[in-house]
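Accompanying notes for the structure given below.
In the working numbering, the protein residues as written are 154 to 231.
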């Protein structure tokens, strides 16, 4: 199996993989949720529960994401 053949069998194969995965409710895990798709996603955890998650929380996550160095699995030479 190749990565492309696995991706083709996912629930929404034509959707792009997420760049940012926000986990609400104070949980510090992603369980089985989007494991393949989230392999190179940036993770952002918040104690705020989903019903209370609002625009300002989203902006906070985006601001944090914008500060990150996205390496997409590559390793920098020292």
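All residues carry an ideal CB built from backbone N, CA and C; glycine is no exception. The structure displayed is predicted, hence computed values, not measured ones.
Bridge partner(s) assigned by DSSP for residue i
i	result
residue 197	175
Same chain only: Cβ atoms within 6 Å of residue i, ignoring 5 sequence neighbours per side
i	result
residue 163	none
residue 203	177
Status (buried if at least 16 other CB within 10 Å, exposed otherwise) for residue i
i	result
residue 214	buried
residue 159	exposed
Own chain, CB closer than 7 Å to residue i, minus 5 neighbours either side, in chain order
i	result
residue 167	none
Cut-off 8 Å between Cβ atoms - residues of its own chain near residue i, not counting five sequence neighbours on either side
i	result
residue 221	195
residue 180	198
residue 224	none
Segment contact flag, the stretch 168–179 with the stretch 193–213, C-beta cutoff 8 Å, min 3 pairs: yes
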